[in-house]
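Numbering (the numbering used here), first residue to last: 2 to 86. Think of the CB as a built atom: it goes at the ideal place given N, C-alpha and C, for glycine as much as any other residue. For reference, the structure discussed in these notes is given below.
This is how it looks when you write it as structure tokens:
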């Protein structure tokens, strides 16, 4: 996933679809879920019982991160124009 994909993933009405396509492309290119998470700015998940992080742990971290991002975007107030006479 290059910078163009990262920019495309972070905004717009079709963000979920773009994110899915970017992840699919990264997986086809042989990237791990940890590498994908790093490119999306996802912090590492907390390891469970001193076990190594699994691909599933990274997938869950990405989902949590992206859901939080979407919630923040949805909570942003819409800029309103001030009406001047």
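Would you give the residue range spanned by the alpha helix (DSSP H) that residue 55 belongs to?
Unbroken run through residue 55: none, as it is neither H nor E.
Leaving out the 5 sequence neighbours to the left and right, which residues in its chain are closer than 7 Å to residue 48 when beta-carbon positions are compared?
Closer than 7 Å at Cβ, skipping near neighbours: 54.
Mind checking whether the beta-carbon of residue 38 lies closer than 6 Å to any heavy atom of the ligand ADP?
The ligand content of the structure shown is nil, which means the ligand ADP is not present either.
Applying the criterion that 16 or more other CB atoms from any shown protein chain within 10 Å of the CB defines a buried residue, is residue 4 buried or exposed?
At residue 4, the pLDDT of 42 sits below 50, so the modelled position is not reliable and the matter cannot be decided from this model.
So, under 8 Å CB-CB, residue 38 and residue 59 are touching, yes? Tell me the CB distance rounded to an integer number of Å.
5 Å between Cβ atoms; contact.
Could you give the distance in angstroms between the alpha-carbon of residue 72 and the alpha-carbon of residue 45?
Rounded to the nearest angstrom, the two C-alpha atoms are 20 Å apart.
Measuring CB to CB, does residue 43 end up less than 7 Å from residue 62?
Yes, Cβ-Cβ distance for residue 43 and residue 62 is below 7 Å.
Can you grab the Cα-Cα spacing for the pair residue 75 / residue 32, in whole Å?
Taking the straight line from one Cα to the other gives about 30 Å.
Between which two residues does the alpha helix (DSSP H) harbouring residue 24 extend?
Here the alpha helix (DSSP H) through residue 24 covers 16-29.
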